[in-house]
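Just below is one structure, and these are the notes that go with it.
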Amino acid sequence: MTSIKLIQDGADMSLRQQIALTAKLSAPAIMAQLSTILMQYIDASMVGRLGADESASVGLMNSSLWLFWGVCSMFTMGFSVQAAHRLGAKDFSGARSVLRQGIVACAIAGVLISLLGVAIALPLPHWLGGDEAICGGASRYFVIFVAALPILTMNYLAGGMLRSSGNMKVPGLLNVAMCILDVIFNFFLIFDTRAINIGDYVFTMPGAGLGITGAALGTVLSESIIAMIMMWYLVRRQPDLMLRGDEARKSYKPTRMVLSRAAAIGMPMTAEHIIFCGAQITITVIVAPLGVVAIAANAFAVTAESLCYMPGFGIGEAATTLCGQSYGAGRYSLVKRFCHLTTFSGMLIMTLMAVVMYIAAPEMMRIMTPVDAIADLGSEVLRIEAWAEPMYAASIVAYGAFVGVGDTLLPAVMNFGSIWLVRIPLAALMAPQMGLRGVWIAMCIELVFRGIIFLWRMRTGHWLKIESKKKNAYVDPEGEAWLDND
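Adding 518 to a residue's 1-based position in the sequence shown gives its number in my numbering.
Spelled out as structure tokens, the structure:
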């Protein structure tokens, strides 16, 4: 038997069972991450057919969108990690209580973050140094996405809760479905009505001709449909978390205990993400004076690189679930073994992906853009970045394991220091002399440094010892207490 129940039941697990369980949880998580990036890849390739200005408009706003998406995602993590701990301790009522409170808190947060994004949508491209020719389209692209943040936040919450229970398959399959829907919507929304020749037959394909506005609408529509399905599955079908009968009628009011614990877990992650995206925005500002070709090549290369590192994020999600449930069950030696196993698995897979990316870089770029100058520059920087992928994997997966036990503050500080003290200064120094190549060399050096410090922290074991010494009591609205085992 290879099931998350082995952790909850306190059963002995051989190395073979640990590897099998890691693979079982990682595979659908990797599939989900890859499908998400493939969706962005498809968006980029379709927009790339519209021209350099449209590509630059999207590229200019990507880092800002990641900031808003990430804040919503990190906010939901404070609740899904608590659910994982309670499920690991077989406190199913407490886990459902966390879910009910998370729905209300995350819905409110999503609305507030969305309103902030809409308020700054018009001036934001100008703040980022965008050329006047691309600012109007960039604002429209941005405002459509941020207006949909409340729905996207529910998608993040539902996916995180399902993964916390060990269900990686449903989020994975639904993310693949979202990718397919995105292609369909984009096909009809981005381009004008056009004739397609298939052999001797000519078909007229209807199209709205909305350009980058259509790209944003297509993605938002697909995300909204999947968010509704995923939330329905969570509350109606997921065995350990479904809210049916009496569970659906219990209090949804967020309590101080759950909110404070969510803040302790989520706030360092949110702050770290804001800082990280602030760095990405700073990089965008550094790249913007290099011209439209550099902006577009940078944006497309970031999207193409995502195909390489997203398997690491998938394994990192599995690490969060495995370490979180093991921690909730009080099995601290198992937490450490899962941390090491998932981290080195991620490094191996991303090394193989880096080799593929290095070889296939020109083809990857030409799929997204027919402009030779953009494709050639993007290929060069992708090959620079390939050398950093194994160590990038170490930081991604180890971070996921640390999150599983609630250790988020120091890893956030490590990410902050690595990006702002290494990447940004090096990029600012190298960009004027080496252009976009210098920016990506700086990124490569920083990612290697970041991987080293995360491996060092993982090896010391302090991330686990600190957390396992804490005695935390959680009280749900029904008055039931749940304690960490120590």
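Note that beta-carbon positions come from the ideal geometry of N, C-alpha and C, so glycine has one too.
Item, Value
"Judging by CA-CA distance, which residue of A836, T861, Q798 is the nearest neighbour of G577?", "Q798"
"Just the C-alpha distance for Q655 and V899, rounded to the nearest angstrom, thanks.", "Residue identity check: residue 655 is Gly in the sequence provided, not Gln. Taking the straight line joining both Cα atoms gives about 26 Å."
"Run through the region 802 to 887 for me and flag every whole alpha helix (DSSP H) of 4 or more residues, listed as ranges in chain order.", "810 to 846, 850 to 886"
"Would G732 pass as a contact of L761 if the rule is Cβ separation under 8 Å?", "no"
"Between G628 and T671, how many whole angstroms is the CB-CB distance? I'm expecting something under 8 Å.", "3 Å"
"Can you tell which of T861, M932, L840, S863 has the C-alpha that lies nearest to the C-alpha of V853?", "L840"
"Check whether chain C comes within 8 Å of S682, counting only Cβ atoms and requiring the distance to be less than that.", "Absent here is chain C; the protein component of the structure consists of one chain."
"According to the neighbour-count rule (16 or more other Cβ atoms, all chains shown, within 10 Å of its Cβ), is K989 buried or exposed?", "Caution is warranted here: a pLDDT of 39 is assigned to K989, below 50, making its placement in the model unreliable, and the coordinate value is therefore given only provisionally. Counting Cβ neighbours within 10 Å, K989 comes out exposed, since fewer than 16 surround it."
"First and last residue of the alpha helix (DSSP H) that includes Q951?", "942 to 952"
"Could you check where the alpha helix (DSSP H) with Q619 kicks off and where it finishes?", "610 to 638"
"A815 and L895 look like a contact to me (Cβ under 8 Å); what is the Cβ gap, rounded to whole Å?", "4 Å"
"Does the Cβ-Cβ distance between V589 and I631 come in under 8 Å?", "yes"
"Could you compute how far the alpha carbon of I522 sits from the alpha carbon of S532?", "14 Å"
"Whole-angstrom Cβ separation of F593 and T788, contact assumed at under 8 Å?", "6 Å"
"Quick check on this structure: which residue in R855, G677, M886, D609 has the alpha carbon closest to the alpha carbon of L982?", "R855"
"Would the region 880 to 892 count as touching the region 634 to 652 if we require 3 or more Cβ pairs under 8 Å?", "no"
"For a test of the three-state rule: what should DSSP assign to P772, helix, strand or coil?", "coil"
"If you run the structure through DSSP and keep just helix, strand and coil, what is D710?", "strand"
"Starting from I744, trace the alpha helix (DSSP H) in both directions and tell me its first and last residue.", "730 to 754"
"Would you kindly report the start and end of the unbroken alpha helix (DSSP H) that includes L680?", "667 to 682"
"Quick check on A766: buried or exposed, where buried means 16 or more other Cβ atoms within 10 Å of its Cβ?", "exposed"
"For D890, which option in L944, G678, R567 has the closest C-alpha, if you only look at C-alpha atoms?", "R567"
"Helix, strand or coil for T978? Go by DSSP, reduced to three states.", "helix"
"Anyone know if the C-beta pair for A601 and V616 falls short of 8 Å?", "yes"
"Tell me which residue opens and which closes the alpha helix (DSSP H) that D890 is part of.", "890 to 903"
"Which whole-angstrom value is the C-beta distance of A613 and L759, which I expect to be below 8 Å?", "6 Å"
"One question on the structure: do L646 and A812 come within less than 8 Å of each other, judged by their Cβ atoms?", "no"
"Need the endpoints of the alpha helix (DSSP H) that L916 sits in, please.", "Per the sequence shown, residue 916 should be read as Ala rather than Leu. From DSSP, the alpha helix (DSSP H) with A916 extends over 907 to 922."
"I'd like the list of long-range same chain contacts for V873, defined as Cβ closer than 8 Å, with 5 residues on each side in sequence excluded.", "A904"
"In whole angstroms, what separates the C-alpha of F610 from that of M686?", "18 Å"
"Is the beta carbon of E572 less than 8 Å from the beta carbon of I730?", "yes"
"When we look at the beta-carbon of A781 and count the other beta-carbons within 10 Å, is it buried (16 or more) or exposed?", "exposed"
"Within 8 Å, do at least three Cβ pairs link the region 836 to 851 to the region 931 to 946?", "no"
"Should G864 and I833 be called a contact, given that it needs their Cβ atoms to be closer than 8 Å?", "yes"
"Who are the Cβ neighbours of L543 in its own chain at under 7 Å, not counting the five residues just before and after it?", "G684, M686, A836, T839, L840"
"Mind checking whether G736 and F709 have CB atoms under 8 Å apart?", "no"
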